[in-house]
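Beneath this line is the structure, given in structure tokens, with notes to follow.
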Amino acid sequence: LQTLNACCAVYGQKELKDFLPSLWASIRREVFQTASERVEAEGLAALHSLTACLSRSVLRADAEDLLDSFLSNILQDCRHHLCEPDMKLVWPSAKLLQAAAGASARACDSVTSNVLPLLLEQFHKHSQYPLKHYRAASGGQSLKCSWVS
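The numbering used here numbers the first residue of the sequence shown as -1 and each following residue consecutively.
Right, dumping it as structure tokens:
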């Protein structure tokens, strides 16, 4: 994971394109199934770096937007965890989404425009539950977007 983090500073979209699905699968596994906070932190840092790398490229009108397709995979994999009744994987999903969203303004816009409506829908659907229930499930944390311009 540390090597991936370092590679993202050197390589670009073109070099990473073919490996994006397997890189995402590995990062997801490390965050969802980790027994080590250090490994989880490295996985989140690698996701942040990878998303930032994909955000840096200039797009031609006819080019595939790798950032958009990469974020779509992340959103697809995390989305259903945000709606699960047992809420077991809500917090790891939120951490993954936060790591991706914090990489760039484009990533933040994409993640928030997809996740916030879903969360609001869930909140309204389950508004009979006290807010304490949701805060406890998320460890009292909130999704924050921050990036360096």
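Backbone N, C-alpha and C define an ideal beta-carbon position, used for all residues, glycine too. This one's a predicted model, so the numbers in the text were calculated from it and none came from an experiment.
| query | What do you get for Leu118, buried or exposed, if any count of 16 or more other CB atoms within 10 angstroms of its CB means buried? | reply | exposed
| Does the Cβ-Cβ distance between Leu42 and Leu52 come in under 7 Å? | no
| In the region 1 to 54, which residue ranges form an unbroken alpha helix (DSSP H) of at least 4 residues, counting only runs that do not cross its ends? | 11 to 14, 18 to 30 and 35 to 54
| Of all the options Thr32, Leu45 and Val29, which has the alpha carbon lying nearest to the alpha carbon of Leu5? | According to the sequence provided, residue 5 is Cys. The question's Leu does not apply to it. When each option's Cα is compared against that of Cys5, the closest is Leu45.
| task | Go to Glu82, then tell me how far its alpha helix (DSSP H) extends in each direction, as first and last residue. | result | Neither: Glu82 is in no alpha helix (DSSP H) and is coded neither H nor E.
| task | Since I believe Ser47 is in contact with Gln11 (beta carbons under 8 Å), could you give me their beta-carbon distance rounded to a whole number of angstroms? | result | That pair is no contact at about 13 Å.
| task | Determine the contact status of Leu94 and Cys76, defining contact as a CB-CB distance below 7 Å. | result | yes
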